[in-house]
Every structure is written in C-alpha cells, then in structure tokens.
Amino acid sequence: MERPRHQGMAKNTYMRWRLPLVCLLWEVAMIVLFGVFVRFDSEADAHWEEEKQEMNLTSDIENDFYFRYPSFQDVHVMIFVGFGFLMMFLKRYGFGAVGFNFLLAAFGIQWALLMQGWFHSFKSGKILIGVENLINADFCVGSVCIAFGAILGKTSPIQLLIMTLFQVTLFAVNEYILLNLLHVKDAGGSMTIHTFGAYFGLTVTRILYRPNLEQSKDKQGSVYHSDLFAMIGTLYLWIYWPSFNSAISDHGDAQHRAAINTYCSLAACVLTTVAFSSMLQKKGKLDMVHIQNATLAGGVAVGTSAEMMLTPYGSLIVGFICGIVSTVGYVYLTPFLESRLHIQDTCGIHNLHAMPGLIGGIVGAITAAAATEDVYGKEGFIKAFDFTGTYKTRTPSVQGGFQAAGIVVSLLIAFAGGALVGAILRLPVWGDAATENCFEDDVYWEVPEDEESDVYHMHNPDKPASP
Amino acid sequence: MERPRHQGMAKNTYMRWRLPLVCLLWEVAMIVLFGVFVRFDSEADAHWEEEKQEMNLTSDIENDFYFRYPSFQDVHVMIFVGFGFLMMFLKRYGFGAVGFNFLLAAFGIQWALLMQGWFHSFKSGKILIGVENLINADFCVGSVCIAFGAILGKTSPIQLLIMTLFQVTLFAVNEYILLNLLHVKDAGGSMTIHTFGAYFGLTVTRILYRPNLEQSKDKQGSVYHSDLFAMIGTLYLWIYWPSFNSAISDHGDAQHRAAINTYCSLAACVLTTVAFSSMLQKKGKLDMVHIQNATLAGGVAVGTSAEMMLTPYGSLIVGFICGIVSTVGYVYLTPFLESRLHIQDTCGIHNLHAMPGLIGGIVGAITAAAATEDVYGKEGFIKAFDFTGTYKTRTPSVQGGFQAAGIVVSLLIAFAGGALVGAILRLPVWGDAATENCFEDDVYWEVPEDEESDVYHMHNPDKPASP
Amino acid sequence: MERPRHQGMAKNTYMRWRLPLVCLLWEVAMIVLFGVFVRFDSEADAHWEEEKQEMNLTSDIENDFYFRYPSFQDVHVMIFVGFGFLMMFLKRYGFGAVGFNFLLAAFGIQWALLMQGWFHSFKSGKILIGVENLINADFCVGSVCIAFGAILGKTSPIQLLIMTLFQVTLFAVNEYILLNLLHVKDAGGSMTIHTFGAYFGLTVTRILYRPNLEQSKDKQGSVYHSDLFAMIGTLYLWIYWPSFNSAISDHGDAQHRAAINTYCSLAACVLTTVAFSSMLQKKGKLDMVHIQNATLAGGVAVGTSAEMMLTPYGSLIVGFICGIVSTVGYVYLTPFLESRLHIQDTCGIHNLHAMPGLIGGIVGAITAAAATEDVYGKEGFIKAFDFTGTYKTRTPSVQGGFQAAGIVVSLLIAFAGGALVGAILRLPVWGDAATENCFEDDVYWEVPEDEESDVYHMHNPDKPASP
C-alpha cells in the first residue's frame, strides 16, 4: 500500500474486461427494455396529424416540443457541460471529471427514461415518451452528477455506473412518493434532485472513507488553467439555471415566473458569495472555490418555490442567505465534516447542494403554506398547486406540511440508499484506485506524454526532469 | 511606488472589509427596493389564467415567455460567458476577467431591473417585470461589460461595482431619452449599449491614466492557452449576436429579420478582418487579437438597423466595412490613443464597440430615413417605426434626424458620465493596485501555488525556480 | 526540404497579399450577388403584417422563426464551437483549428445561402431567405468542416477557402439531386452532410498525400489541456445533435420525434465507445480520441432516419453499433488507411462521419422501406414522406430504393468532386506549409512569445531554454 505513483500495483485497477462487460451488457439490457416498453407519446408520434384534429388543435405550435425544447437543451448543457466542467478544477483529473460524468449521465438518462416512465408515463403496457420525459431523465441524472461530486477522484468508472444504476432507481421511487403520493410541488428539484442527490452522495463517500487521503493532498488542488475550465461549468450552470427550474413547470405564467425568480436568486447569491469569500480569508482575497460553487446555491434554493409566487424580492432574500451559507460551509464545515465525521466531500456538495437543497425545501413549504387565493387568483391558485380531484380540498397549510414531509422522505431515502450503495461499492472487485493514486487521470486514462506533461510531473521523482 | 511585484505595499489593496461591506449593503438595498417596487408582470403572475380569458387568448403559447425566452438565454450567455471569456486573453488575469465580470454583471442586472423599471415598466407604484425586462437588464449590463474592457486589469472590484452603479443609472437615463423622448429605434443597442458603453469606458480609462503602465507590459500580453480561452468568448458572442439584436424586436417578422441581418453582417466581417489582419502585418500572419475582436464588429454595427429592412446585402456591406475599420483600429489607432491621448484601452473597445457603434447609429439613421411604404408595406411601415399616437405624422427623414440626434445624446452622456465616474474612481480609497501590479490576478485572488504556477512565475526573482 | 522549423524557407507560406486578395475579392462578389439575388422571405419581410391577414394567421407565433430559431442557434454553436473546438486537440494547432474553421464557415454560409437559394428558394428572380435557409447554410458548411478534419494542419487558409467554394457548390448540387430529383428524405444529413462531406475530404487528403508526414509526428498528438479544450467541442456537438437532426424536419411531431431518436442513439453510443476504447487498449485504459469522437457517431447515424418512426429502441441499436464501428475504426482502420491507402486523416473523419454516415443512409433506406400506414397513420404516412403530387403513388419500398440510390450518388459526387478539388489544391501556389511544419500554428499565426511558450518550445534548439 505504500509504493507511490504506480497505480495498479497496490490495487487492481485494470478495467479491460470488467468495464466493457458492464457497459455492453447494460446497454443490451437497455435495448431490450426499450424494445419492450418505450414508444413515442402522442405528440412525437406520426399519428399526431390525426390526434391534432381530434383535439381541435389548429397549429403545430401547440406541440409540447415548442413549449419545452429550448429549456430541455439548456438543461442538457447543464448536465454534460455544466457538471462536467465544474468538476474539472482538479489539476490532474480533468479527463475523469468530464469523461466519467459523460459516461454515467449517458447511461443514467436511459435508465431514468425507463424508471420514471414506469412510474409516470405508463399507459396500456407502454412507456410513452416526449420532450418532458427527456428533461426529467436529465434531472434524475443531475442528482447522480451531484453525488459524483462527493466521490470525485476516488472511484472507478464501474463503481460510478453501479452507483448510477441504484441512484436512478431510488430517485424514481423517491420522486414517485413525493410527487404522486404526497402530491408535493418540486419543479426545480430542491428536494428530489439536490437534497436527495447530495445526502445520497455524502453517505456514499462516508462509507467509502479513505483514512490516508492526505497522501494525495497535493493532487486535490487546482492549477490556474483548471480553475478557468471549471468556470465554464459554473457559468453555464448559473446562466441556464432559470431554464432548469422552469423546464417542467406548467405552460404559461408558471414557466415564466420560475425563470424570473431563479434569475433573481442567482444574482443576489453572487454578491453575498463574493462578500463572504473575501471576509473569511485573512488577506481578504477571493477564493475561486467559492466563486465556482457558492454562486450557484441560489439556484438550488429556489428549486421548489420558483414556480410559486415567491416574488422577485423573496428570491433575492433566498439567494442572499444561500450565498452566505454555502461560502461559510466551504470555509468551516467541509474541513469539519472531513476531520470529525470522516465525510470526504471532494467538490463540497454539502455546501452547494445539500444545505441549499434543504433550504429550498423549507422555502417551498413556507411559500406553499402562505399561498392565498388573493395572491394567485382563484383559478391560478388551483392550477399552481393542482388542487383538483382528490386534492380538491387540500389547504395551503396542509400543502406546506406535505412539502415538509417531502424533505424528510428525501433525506431518509438518501441516507438508506446511500448506505446500501456505499456498502456495495466497498466490495473489493470494482477496481478503484489506491489512495495514493486518487485524483489522478492516468489510472484509467491514456494521458498524453509530452512536453507539457513534463511540467505537470516535474516533481515526479520517477522521471527525468526534461530530456 | 518603485518596489516591484509586492502588491499592497505601494497601495493598499486589502479588500477584506471594504468589498464585503459594499456587496452586502448594496444587496440589502436591492432587497428593500425590490420589496417595495418589483412585482411580476401579468404574463408571469399567477393571475394570468384569468387575464388570458379576459384577453381572449386561446393558448399559453401566446405568453411572451415563448417569444423571447430562447433569445434571453442566448443574451445571458453572451454577457456572462461571452464577455467574461473574451477578456480572458491576458496571461495572468483570467480569474479577474471572468470573476469580476460575473460580479459586476450580477449586481448590475438587479440595479438595471430597478432603473429601467422606473422608466419603462412602472404601473400604479410598482415595477412589473417579465422576460423582456430580464433581456433589457442584461443589455444594460452589457454596456458595463464593454466599459470594463477598457479598464481591465487596472481597477479593484470596488471600483467596478461603483462604476456599475453609476453606469447603469446613466444608461437608463440615456435610454429613456432616446427611446421615449426622441422616439428612436435601437433594438440591438448600437447607440444605447455600444456607443454609450464604449465612450463611457474610454473616458473613465482616460481619467484613470497610469503614466508608467509599461511597467506591466509583460503581463499585458496573452499566452497560447489564454488566447484559446478568449476564443470561447469570441465565438459565443459571434454565434448568439443574431439573438442579441433580435431579442426585443417586435414579435414576428421584425425578430426574424433582425436575426438574418445580423447573421449576414457578422459573416462578412470575418472575411475582411482576416484580410486586413494578414495585410497589416509584415510577415502576413494572422493576429489573434483581431480574430478575437474585429470579427464581432459587424454585429455591433447593425444593432440599430437589423430590425429594419436593411436587406441581407446591406448587412454584408456594413459587416465588410466594420471588419476593416475595427482591424485597422487595432493596428494603428489603439497605439495612437495610448501614446498621444493617454487613453489606455486594455481590450481595444474603441475598435470593437466605439467606432462600430457609431457606424451602427449612422447606418440606422440612414436606413430609417430611407424607409418607404413601398418597402415596408403600409402597415409594416407604421409598425416598424411605431408611427402611432403622437408620432403619427413623423416622416422617415425626420425619424432619421432623430436617430442621428440619438447618437449625439449618447456620446454627450457618455463623456459627461465617464468624466464624473472617472473622477470618483480616482479617489485613493477604493483599493486599486499599484501600476506594477496591474494585470495580475494575485492582487485580489487566491492563486493556486503549484507546479504550473512555477511556470507562470519563472521569471519572478523573489521565488526559487523550482523545489 | 530538410531544414526544420523555419517555415517559409522550403515553401512560400507568405500570406500577406494572397490571403487578403482572396478574402476581399470573394466578399465583394458575395455583396454583388446578394445585392442582385437575395431578399427576405415573406415571414422576415415587413410586408408580413399584410401577409398574415391574407393567410388568416391569428398570431405572430405562427412565424417559422419560433418553430426553428432555437434549433438554428444550437446548430450554429455546433458549427463554430463544436467543430472548432473538437479539432483543437492538436498541441500546437489550436489557433488554426478554431480560427480557420471560423474563416471557412463564415465564407461558406454566405456562398451556401446563394447556391442552396438558387436551387431551393428561387422565386421570380430572387432568392428569398428565412431562418430555414440559415440552418441549411450551416448544414452545408458542416460538410466542409468535416472535410477540414481530414486535412487539418496540412493546408493553408487559401486552400481551405478554395475547398469551401467548390465543396459548397457540389454540396448544393448533390443535395438538389437527392432531395428534389430522387425525392429522398435526409433531414439530419447522414448522406448529404456526413457521407458526402467525409468522402469528399478523404479524397482530397488522399490526393494531397504527404509521404514524410511522420516528420511532424511529434506535433500530431495532443497535450493535456488541448484534450480538455477538444472536449468542449465534443460535448456541444453531442448535446445539440438532437437539434441538428430535427432542425428542418416538419413542424410538430416530426421535429419532436427526431430530437428523441437522436437523444437515444447518442446515449447508447457513449457506452459502446467506452466499452471498446477500454477493450482495445492493452492496459484497458480509455483513450480521449475515442471519447472525443466515437461518442458522436450515433448522431451521424440517425441523421436520415431520426424524423421517421425509427422508435427509441431502434435508435439505441443504431447508436450501439456505431459506437463500436467508430472506435474500432480509430484503432485499426485509420492506421491502415494511412499506411496502405495513403489516406492521412488527421481527425479520423472516416470513423466519425464516413462510416456512420453510410450506416445512417442505410438505416434511413431500411426505415423508409419498412414504413406502413399502420405505424404512421394515414395522414402521417403521407406527410412523413411527402407522398403528394408526383410522388403520390410512391410506395415505401420504392422510397427505400431511392434512399439507397441517394447514398450512391453522394459517394460518386464526393469522390469525383474531391478528386477535382484535390488536384486544384495541389497547385504549388496556395502557400501550404512544408511537411516538417505541418500541425504548427506559427506558420500562419502570430503566436505569443512568453514564459509559457518556452514550455511549448523547450526542445527547440534555436532558442535558449529559459532566461
């Protein structure tokens, strides 16, 4: 265990047969399941011509595609570029950050289409999918990308695929409980995506605790360029978050409102992040870790309430608070979690997703509880909370209670699920790297050997400094 | 003043209390003002269900959100990624370029929602906001990002926030005079955004003139990778400029036309930029500075006229000319402005925004003056220039005159406002860096100390070359 | 020929007069031709107010702008950022990759608007353009970007402009034969864009064969950061490919379906790419070349069939196969093509575009031949294949035959056109670099001289290693 810098000696990280096997078998399974279950929904099916007439639609523009596709593409960018590049801050783990995120998300969206489909789009034996399903699949995978942030650099691609398989499944169960059984609103996923995803990931990383991780402390930092790459991720997440929180809201005012609230919350969040980043550092200098992450907390924290009548100033207040909470978390809480609770959280998802997600759930519960017909209008009130059918008589305060219950359920499933999955991932057969090789691309990637890499490895005692 | 490379000795750049104080106080002010004034407009309010019925709208797709939100997101990318990365060309100022742009824009959009709201969306004591307000706020902040380009690397974050506060205010006043009093058309902002923003910034940098700036000449250049990062900014600005110029045009043909004209102008601009970049360099090689900047001048220069019947070939001509003007400006004018007029223009905004902005204003005036009912159609003519109500009898040539007056007003307010703000920023309390520490991230940022930074600092005499 | 590293000695790469001349003359030609021919179509013209009334349209949202503009912007990102950054993997050719791609695409879209316009949008002596024309122009240029991938690093900008001129012309001819004469469906361009573009480029690079290209072998590789930049290109192509394949499909269900099919195919493709990348490497490590390229093959291969009723599981199968074919191609076929057939394919477009393009054409033919009224619905069937007018009696199996004929035609025109253009490009007057200077930015670009470039040139014997 003590021989440094030769991965695959201490632990077998050889992926040649294991990884291809998992990828191919699982993809074949997807094909079979899609073949049996998945079809186009009526708006994507060629029969729509006739459907349109039956439904008396006069224009193709009424197709849900035109209501949601632009938001879908923004969300898609967030999942693949946003999360992928945000995690690129590590100096020697850029390939892994963006590449593994790509792999797990590409698998995850397929499995999510199935899992969420069975729960929500299952009609006469078939899952009928349209653009809203694509968005929901991306959302579901978003929670896996979040959890990936906690274990970044410490797991093999097989472990990530296994985690994705389980987490997507549990996500769908939790989502079903919240949206269908508790009849909770959570369009931007403060509870279902962020709270669930983050506490799931934190539980997994707790169970995968590596006692001597300070051995690779030198590789846990960033370099100048890797911080700039990470800013690509940050900015795309920040810019497109209004699309994220509004993507599956009701057509019309709800989508419109969700985008505005998110825009406001995110703007406020940047200012308090900068304030506290400077304030908490002795020399008063800004820390890129905070700018890259805490500026996004405002988007997380209005995930539940953005489509409600939170109002622009309410959004500013939420963003204001979350920028502070998140930045303080990076400075004080992350080291504490690591040293005391043995939670090694590579990207600090506790500060960016867990705490703001909880706040988001609470803000959502309060906003729902405070709703009145006066503020929403008679019809708007019913539409906003879908107080129809079985839920016709539900009052705002009861809705607020159910919203709060949703937080608790998400937490419980995250902890239980994370513990289960963590235990599975601890099995010594998945090819994770030795502790001294964590945060190092060349364990799983062909890394180019060239002039520049001399610079990267100039302290590497095994190699001559320069030819 | 002469001790090099130890920032904070010659000048106090310690931000620890000043920057947090400004950020927190101002953000609290935003919350209070939003609380008093800002509400959702009818299309984002939950009452829209009822409104829709009153207005006899049959579909949610009539909500302005679906007309403008995709363009809004493109504009949002331009402001935060486009400008942020375009300014990343400096070898040691990437954090500052993207980070300070992020900070000032996040504050600026909030203040712009208020300022523009009071002028344009104020109804019975409230500012009612919708997606068009978000676009306008981004536009307004765009003018601050432009001005930031002139002073990039030479100011503290506090100075930038102060400039943002004043410039947004003045922008809103100038915009009100142009759009409401002069009844001028300027959808893509050749005058209100580019001419105003650039001359404002140039005036500020003139007043902040640093006589010995050649001390940091070695840091004013780019490195290979920083030029590639800057190309991200360039390309996103170039790609999304059609959205920028069409984002707030009238629904329908005007938005459509504005996008096409801008697309054409930008395409032509690239070819003349390449031609003159090669022609003006002794060895005939291309200069990344030109490719990064002058290729965008075509978008600036159709900002006023894009929504008019400029026609595709008219757009090509404008782009053709502006690629030349801008590239020639970089080669001859920028050095002249610096040495003779003491205008130190870090990003060359005079070439990218000021001159093309003026051309854009003039092209707009001519295009408006040349408008006929024959070309626009009877109704199209009235709609395009909004010749209704008080302006029912205005003729195209009169409109052309008012357009020209709009240029003059924008210039006057830019010069006067820039002088005022420059004078305020010269006060010695804002924590700007000493001249020898300009264009250097580690004055205000925690910069990672690692192998790669050895490369960056290899000429630094204070440090050992390598452990 | 043997003196290394002093470009312009062995060959005259001096661009100062030649490149500006070509750019300026051609742009002037564009202006003249646009002036004579190009006008706005009815939806972008100010007369639309009246047109709307005549057509009984009740809302501006019926303007094609709102159906296609978001997709257009996604496609635009793919052409300029996607292709530009994907080709940035070479360690010393980043400026050339992104810059020349920018140049040729900016020229190409103008010429494509004309060429495609004469064939498809020519009415009473004028080419009438709208947003669909912009998308088609981008598509056409996409085929040039593909061909550029084969000759990347080995040609001068003048050669690229000449290739663009001819290739766009031939593209338009081929497209006309396929879409109008053969009445073939190819919305995402498996045949017209990928098959044609790739075999055209491969023929050109065959004719431009450089026998001693291994002299610059050291520059044909990537460095750590260049691989990360390339991933920006990969991800944007991957994310926006659903927009690419659906951008010009019929309004409504066809666009919707095309996006879903592409999403599915791309997802499957990632898993088989990862599987085979690991499997085919002795140490089982992943190769960034595969991740950057083969993950996209699934998008290429549903280019023809995405808008048909391919179904999600059909898409998964196509993606599954193409990830394998493409990765295997990179490992075995590219070296074979180079050593045996003297086809030097810098980016491996044979694996990413040629083979998947062929597969896409075949899948399209099969899917068309298998179409039934049962699957599409009576009206959907007619609409999907446009079986109206002259084609009223065409059966699916006949359509399948014509689709297959479309592949053959595309191949023939690609080979013949590529041979012609290759012969023209071999003329010794276009300023291409000597073989030992291939893949080197400083032949045509001002490259910053600074600390970092010391790193890049540390093996350069002409320079002192470091001050």
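So the sequence lines, in the order shown, correspond to chains H, G and S.
If you're matching positions, the first sequence starts at 1 in UniProt numbering and goes up one per residue.
If you're matching positions, the second sequence starts at 1 in UniProt numbering and goes up one per residue.
If you're matching positions, the third sequence starts at 1 in UniProt numbering and goes up one per residue.
Glycine included, C-beta positions come from ideal geometry on N, C-alpha and C.
Assigned exposure category for residue i - 16 Cβ within 10 Å defines buried
| i | result |
| --- | --- |
| Lys378/G | exposed |
| Asn174/H | buried |
| Thr205/S | buried |
| Asn180/S | exposed |
| Val421/H | buried |
| Leu25/S | exposed |
| Asp45/S | buried |
| Val274/G | buried |
DSSP state of residue i mapped onto helix, strand, coil
| i | result |
| --- | --- |
| Ile248/G | coil |
| Ile343/H | coil |
| Leu286/G | strand |
| Trp111/S | helix |
| Phe122/G | strand |
| Leu128/S | strand |
| Leu104/G | helix |
| Leu152/S | coil |
Any chain H beta carbon closer than 8 Å to residue i
| i | result |
| --- | --- |
| Phe336/G | no |
| Met88/G | yes |
| Val300/S | no |
| Glu27/G | yes |
| Thr272/S | yes |
Contact with chain A by residue i, beta-carbon distance below 8 Å
| i | result |
| --- | --- |
| Ser326/S | No chain A is part of this structure, whose protein chains are labelled H, G and S. |
Which listed residue (the options) has its alpha carbon closest to that of residue i
| i | options | result |
| --- | --- | --- |
| Arg16/G | Leu182/H, Lys283/H, Gly400/H, Phe200/H | Lys283/H |
| Gln53/G | His256/H, Val447/H, Gly380/H, Phe83/H | Gly380/H |
| Ala105/S | Gly125/S, Phe139/S, Ser305/S | Phe139/S |
| Ile129/G | Pro335/G, Phe148/G, Gly108/G, Phe37/G | Phe37/G |
| Gly360/S | Met30/S, Leu310/S, Ala97/S | Leu310/S |
| Ala254/G | Asp41/S, Tyr391/S, Val408/S | Asp41/S |
| Asn12/H | Glu49/H, Ile158/H, Met279/H, Ile79/H | Ile158/H |
| residue 481/G | Pro242/G, Phe148/G, Val22/G, Leu235/G | The question about residue 481/G has no answer, for chain G in this structure spans 1 to 467. |
| Ser339/S | Asn212/S, Ala297/S, Phe89/S, His256/S | Asn212/S |
| Ala404/S | Gly84/S, Phe119/S, Ser190/S, Leu161/S | Ser190/S |
| Met355/H | Gly401/H, Trp430/H, Cys322/H, Tyr240/H | Cys322/H |
| Asp60/S | Tyr69/S, Pro70/S, Glu49/S, Arg68/S | Glu49/S |
Neighbour flag for residue i against chain G, beta carbons, 8 Å
| i | result |
| --- | --- |
| Pro70/S | yes |
| Arg257/H | yes |
| Asp45/S | yes |
| Phe276/H | yes |
| His76/S | yes |
| Thr227/H | It should be noted that the sequence gives Asp, not Thr, for residue 227/H. Answer yes: the Cβ-Cβ gap between Asp227/H and chain G drops below 8 Å somewhere. |
| Asp64/H | no |
Min CB distance residue i to chain S below 8 Å
| i | result |
| --- | --- |
| Val223/G | yes |
| Ile248/H | no |
| Thr311/G | yes |
Any non-hydrogen atom of the ligand SAH closer than 7 Å to residue i Cβ
| i | result |
| --- | --- |
| Leu266/G | The ligand SAH is not among the ligands present in this structure, which contains no ligands whatsoever. |
Review point. Which ranges would you report for the alpha helix (DSSP H) in the stretch 293 to 341 of chain H if only whole runs of at least 4 residues count?
Key: List check, alpha helix (DSSP H) in window: 297 to 301, 312 to 328, 334 to 340.
Review point. Which runs of the beta strand (DSSP E) fall wholly inside the stretch 37 to 83 of chain H and span at least 3 residues, in chain order?
Key: Listed in chain order, the complete beta strand (DSSP E) runs (minimum 3 residues) inside the stretch 37 to 83 of chain H are 38 to 40.
Review point. What residue ranges within the stretch 181 to 227 of chain H form continuous alpha helix (DSSP H) runs of no fewer than 4 residues, ordered along the chain?
Key: DSSP runs (the alpha helix (DSSP H)) wholly in the stretch 181 to 227 of chain H: 196 to 207.
**Study point:** Runs of alpha helix (DSSP H) wholly within the stretch 383 to 458 of chain H (minimum 4 residues, chain order)
**Key:** Listed in chain order, the complete alpha helix (DSSP H) runs (minimum 4 residues) inside the stretch 383 to 458 of chain H are 396 to 425, 451 to 456.
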